[in-house]
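Trainee: Numbering (this note's numbering), first residue to last: 6 to 286.
C-beta atoms are modelled at their ideal positions from N, C-alpha and C, and glycine is treated no differently.
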């Protein structure tokens, strides 16, 4: 099983447009892995993409992805869906379309029923983007709770009873990876997470001193929405997870690639994602 973290950034990419802070300046100068695109994941074994942030086209190119056959969605937030137009870049041939020819092998777009319904509501004055792509033959949609292809099994676990957010359990040959990119606090309780080889998780504040020396006070409301490193460590121990990789790294945390690598030396079994990171199990 080969998994690629295509994008390790947060709601805002690094470098942030028009920002002259040291993190963004360094990212512009050095490129990847100092630069970070929006949060996304690719499972190479089955050509499956999870989420389409605005800069997903750049992420796919950066990691050398050759083919996308399936797209799953974790939830409908804009930073995970607004790059959905990559479907046109992947499948639309305007010259063939002008002759009335539709593409072969449309991309399967799938998720939990509620999440898929949320995404179908996104569109323009002309209507749902998803429905437009279906009409043009670029995609087919499917409501799922599990995905199975070849030796890859993916289970979509709802974060809560409303089922607007999914966590992915990716299994193959007795290996298990949990992908929980966003909006997963409080982390749901499930024995299905037990003994995972890797947990890839977002929604994490890294440090108490953030960009521009911003001090994150104990009563800051972000602490209710985002995990601290101590809370990540608790989840890791609770489910006996071998390795944790933190993704969805916000530019607002004010830390460079080098600083994350240095911080890893102080942590036990916790690492920080970067664009193009490959996980082979």
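What residue from 219, 11, 162 has the CA that sits closest to residue 196's CA?
Mentor: For the residues 219, 11, 162, the minimum Cα distance to residue 196 belongs to 162.
Trainee: Mark residue 227 as exposed unless 16 or more other C-beta atoms lie within 10 angstroms of its C-beta, in which case mark it buried.
Mentor: Looking at its Cβ environment, which holds fewer than 16 other Cβ atoms inside 10 Å, residue 227 is exposed.
Trainee: Does residue 189 pass the burial test, meaning 16 or more other C-beta atoms within 10 Å, or should it be called exposed?
Mentor: Buried.
Trainee: When the Cα atoms are used, what is the spatial distance from residue 286 to residue 193?
Mentor: Looking at the two C-alpha atoms, the distance is approximately 25 Å.
Trainee: Residue 201 lies in the alpha helix (DSSP H); which residues open and close that run?
Mentor: No alpha helix (DSSP H) holds residue 201; DSSP gives it neither H nor E.
Trainee: So, under 8 Å CB-CB, residue 173 and residue 157 are touching, yes? Tell me the CB distance rounded to an integer number of Å.
Mentor: Actually they do not touch by this definition, with Cβ atoms about 11 Å apart.
Trainee: On the CB-based measure, 16 or more other CB atoms within 10 Å of its CB, does residue 279 come out buried or exposed?
Mentor: Looking at its Cβ environment, which holds 16 or more other Cβ atoms inside 10 Å, residue 279 is buried.
Trainee: Quick check on DSSP: helix, strand or coil for residue 29?
Mentor: Note: residue 29 maps to helix in three-state DSSP.
Trainee: Pull up the DSSP beta-bridge partners for residue 180, would you.
Mentor: Paired residue(s): 177.
Trainee: State the CB to CB distance for the pair residue 56 and residue 85, rounded to an integer number of angstroms; the pair is presumed to be in contact (CB under 8 Å).
Mentor: 4 Å between Cβ atoms; contact.
Trainee: Helix, strand or coil for residue 163, going by three-state DSSP, please let me know.
Mentor: Strand at residue 163.
Trainee: How would you label residue 42, buried or exposed, when you count the other beta carbons within 10 angstroms and need 16 or more for buried?
Mentor: It is buried - the Cβ of residue 42 has at least 16 other Cβ atoms within 10 Å.
Trainee: Give the single residue among 68, 70, 82, 69 whose Cα lies nearest to the Cα of residue 59.
Mentor: Comparing Cα-Cα distances from residue 59 to each of 68, 70, 82, 69, the minimum goes to 82.
Trainee: Residue 254: which of 234, 30, 99 sits nearest, CA to CA?
Mentor: Cα-wise, what sits closest to residue 254 is 234.
Trainee: What are the boundary residues of the alpha helix (DSSP H) that residue 61 is part of?
Mentor: That run of the alpha helix (DSSP H) goes 61–67.
Trainee: Counting only the same chain and skipping the five closest in sequence on each side, list residues whose C-beta sits under 8 Å from that of residue 216.
Mentor: Excluding residues within five positions, the ones whose Cβ falls inside 8 Å are 26, 28, 256, 257, 258, 259.
Trainee: Near residue 276, which residues of its chain fall below 6 Å by C-beta distance, leaving aside the five closest residues on each side in sequence?
Mentor: Same-chain partners within the cutoff: 250, 269.
Trainee: Do you know offhand how far residue 131's Cα is from residue 89's?
Mentor: Cα to Cα, the separation comes out at about 16 Å.
Trainee: Under three-state DSSP, which class holds residue 169?
Mentor: Looking at residue 169 - three-state DSSP - the assignment turns out to be coil, as it is neither helix nor strand.
Trainee: So residue 213 and residue 220 are supposed to be a Cβ contact under 8 Å. How far apart are they, rounded?
Mentor: Contact holds; Cβ gap of about 7 Å.
Trainee: Closest to residue 166 by C-alpha separation, out of 199, 110, 191, would be which residue?
Mentor: The residue with the shortest Cα to Cα distance from residue 166 is 191.
Trainee: The alpha helix (DSSP H) with residue 101 in it runs from where to where?
Mentor: Where residue 101 is concerned, the enclosing alpha helix (DSSP H) stretches over 99–102.
Trainee: Pairs of beta-carbons, one from the stretch 111–120 and one from the stretch 139–153, closer than 8 Å: are there three or more?
Mentor: With a cut-off of 8 Å, the stretch 139–153 and the stretch 111–120 count as touching, because enough Cβ pairs lie within range.
Trainee: Measuring alpha carbon to alpha carbon, tell me which residue in 210, 281, 236 is nearest residue 225.
Mentor: The shortest Cα separation from residue 225 among 210, 281, 236 belongs to 210.
Trainee: What number of angstroms, rounded off, separates the C-alpha of residue 222 from the C-alpha of residue 16?
Mentor: Their Cα atoms are separated by approximately 21 Å.
Trainee: Counting only the same chain and skipping the five closest in sequence on each side, list residues whose C-beta sits under 6 Å from that of residue 136.
Mentor: None.
Trainee: Which first and last residues belong to the alpha helix (DSSP H) in which residue 136 is found?
Mentor: Unbroken alpha helix (DSSP H) run through residue 136: 134–140.
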